[in-house]
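Adding 3 to a residue's 1-based position in the sequence shown gives its number in our numbering. Cβ atoms here follow ideal geometry from the backbone N, Cα and C, with glycine treated the same way. Quick notes on the structure that follows.
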Amino acid sequence: MAPLQQQLEQLITEACNYPLGSRERQKNLTKIIRLINSQLWRENTPYYEDALQQTWIYFCQNLCEGKTGQPYDRTKASVITWLNNYLKRRLQDFYITDKKQQAQTISFETNNSSTNRDRLAPVDKIQANSTSQTLLEEIKKWVQKDPQKKLSKIYLKNRPDINCQVLILRRLPPETSWKVLATEFGVSIGTLSSFYQRQCLPILREFGEMEGYL
């Protein structure tokens, strides 16, 4: 067994020996995430960060207990292979959904003689509990407080009401769809999604790394 895999398996054993939701388990999960993060599949797609977020939630829910699927089984695959397989399946789901919604958008534009094309960037519903639910609650509190007022200051041109603080809160599980948000704010889905991917997700990821979640 490779040194990294051996280290990961030891941390997994330790993590699963602690009660669900305990600080000790969270510390071990954080160590595992830090070791695995650089080993995961990468690709340059607009929905990669959403798929990665789902993968980490799946990891927290199913590493030990199997809350939403089969628990991790080291006799079948390494934890890195296990997560990469899940991540690739989610990316495939996003790709299929993205193509379907692009086709629907084209049809809608044709029927309404629209000149602007919306590109969809959907996020599947995430059922979160236990450790992952605690993580989501901490993210929500951080976004709501916005200590440095950084999130509220980053907004769509001429639209201070459409800022990163608002969008991140609306996109946290159970997230509001891009279609609903586009209608509510009166801008295209593509504009909202692009702004969120370019300006907001990097800040959210920075927070995750700073707190040791990534």
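In the three-state scheme derived from DSSP, where H, G and I count as helix and E and B as strand, Pro150 is classed as coil. A straight line joining the alpha-carbon of Ser25 with that of Gln10 spans about 21 Å. Fewer than three Cβ pairs drawn from the region 149 to 165 and the region 59 to 71 lie within less than 8 Å of each other, which leaves the two stretches out of contact.
Counting along the chain, the unbroken alpha helix (DSSP H) around Arg174 starts and ends at Cys167 to Arg174. Across the structure, Arg93 and Leu204 are spaced so that their CA atoms are roughly 18 Å apart. Residue range Ile192 to Phe198 is occupied by the alpha helix (DSSP H) that includes Ser196. Secondary structure of Tyr51 (DSSP, three-state): helix.
For Gly211, the closest C-alpha among the options Glu141, Leu184, Leu90 and Ser196 is that of Glu141. The shortest CA-to-CA distance from Ser41 to any of Leu66, Thr84, Arg77 and Asn20 is the one to Thr84. The alpha-carbon of Tyr61 is positioned some 18 Å away from that of Pro22.
Under a 10 Å Cβ-count criterion, Thr58 is classified as buried, with 16 or more other Cβ atoms of the shown protein chains found around its own Cβ. Under a 10 Å Cβ-count criterion, Arg37 is classified as exposed, with fewer than 16 other Cβ atoms of the shown protein chains found around its own Cβ. Less than 8 Å separates the beta-carbon of Ile171 from that of Leu207. Residue pairing by DSSP places Leu159 opposite Arg162 in a beta bridge. In the three-state reduction of the DSSP assignment, Tyr21 falls in the coil class, being assigned neither a helical nor a strand state.
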